[in-house]
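Reviewing the structure listed below.
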Amino acid sequence: MTEEELQISRRGVLAGSAAAVALTALPVSAAAQTPAPGSAPPGMPVSMSVNGLRQSLELDTRTTLLDALREHVKLTGSKKGCDHGQCGACTVLVNGERINSCLTLAVQHEGDEITTIEGLGRPDKLHAMQAAFIEHDGYQCGYCTPGQICSAVAVLDEIKRGVPSHAQTNVAAKPDITAVEMRERMSGNICRCGAYSNIIDAMAEVAGSSA
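Heads up: the sequence shown at position 119 corresponds to 266 in the numbering used here, and the numbers run straight through without jumps.
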């Protein structure tokens with residue numbers, strides 16, 4: 148091999164080595180900028196009032212309000228039933244109105260007032276609806292009861308404010324507190340044990356109705 152051929156070979160080796168180093172460096176750089184598969188994205192600050200107490204949380208933007216309440220605020224009264232908004236076990240009050248907390252993202256509730264079953268009453272001072280559920284045996288296994296009670300409180304408020312429902316024949320008139328009206332409005336809250344009639348009795352007592 149001549150000296151010229153040897154020099155060309157050396158140049159080729161050096162060029163090839165430099166290219167190899169550049170190629171191996173690219174994935175490392177990309178990996179440094181891209182989160183690893185399965186890793187959680189950066190959290191987002193969310194501040195809301197839960198049962199009268201300000202909660203400042205750092206949450207994955209995909210976190211539902213239900214999971215934020217149960218896993219981060221440690222209020223496990225609101226139950227995860229179907230996780231599809233079909234059973235009502237996760238019902239809570241947001242700014243006084245009932246929602247399925249499994250269907251809404253926590254980051255959507257910046258600054259909102261959230262009330263869970265724990266915020267309605269205490270063991271030594273029950274909410275009137277909680278006491279009525281006990282009096283009328285409005286539960287059996289109790290799994291759906293927190294959502295049922297939160298929804299029942301909101302239903303009576305809806306009727307009082309004149310919010311119409313499908314049970315009304317005249318939507319222009321103020322709805323009456325009847326068993327039919329309350330059943331229609333509570334239809335999104337499922338009780339697998341079948342305590343529906345007792346739940347309506349409890350609601351009627353709180354409403355001061357003989358429905």
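Don't be surprised by glycine CBs; every beta carbon is placed ideally from N, CA and C.
- Of the candidates Leu240, Leu303 and Arg201, the residue whose Cα lies closest to the Cα of Ala326 is Leu303.
- When C-beta atoms of the stretch 291-298 are compared with those of the stretch 338-348, three or more pairs fall below 8 Å, so the two segments count as touching.
- Measuring C-alpha to C-alpha distances from Leu200 to each of Pro270, Gln295, Glu260 and Arg330 identifies Glu260 as the nearest.
- A Cβ-Cβ distance of about 4 Å is found for the pair Ile264 and Gly224, placing them in contact under the 8 Å criterion.
- Annotation: the continuous beta strand (DSSP E) that includes Ile261 extends over Glu260 to Thr262.
- Around the C-beta of Ala319, fewer than 16 other C-beta atoms lie within 10 Å, and the residue is accordingly described as exposed.
- As DSSP reads the structure, Leu267 sits in no beta bridge.
- Here Asn242 is exposed, its C-beta having fewer than 16 other C-beta atoms within 10 Å.
- Between Ser248 and Ser334, the alpha-carbon positions lie close to 17 Å from each other.
- Proximity to Met195 across Thr316, Asp284 and Gly258 peaks at Gly258, based on C-alpha coordinates.
- Taking all protein chains shown into account, Cys229 has fewer than 16 neighbouring C-beta atoms within 10 Å of its C-beta and is therefore exposed.
- Closest by C-alpha distance to Leu240, out of Leu212, Arg330, His219 and Ala314, is Leu212.
- Between Ile324 and Gly190, the alpha-carbon positions lie close to 45 Å from each other.
- In this structure, Ala236 keeps its C-beta atom at 7 Å or more from the C-beta atom of Lys221.
- The three-state reading of DSSP puts Gln233 in coil, since its state is none of H, G, I, E or B.
- Between Gly266 and Asn198, the C-beta spacing is below 7 Å.
- When Asp348, Gln295 and Asn317 are compared, the shortest CA-CA separation from Gln233 is found for Gln295.
- Beta-bridge pairing by DSSP links Arg201 to Ser196.
- Exclusion of the five residues before and after Asp348 leaves His283 as the residues of its chain whose Cβ lies within less than 6 Å of its Cβ.
- Val193 sits close to Ala253, with the two beta carbons spaced by under 7 Å.
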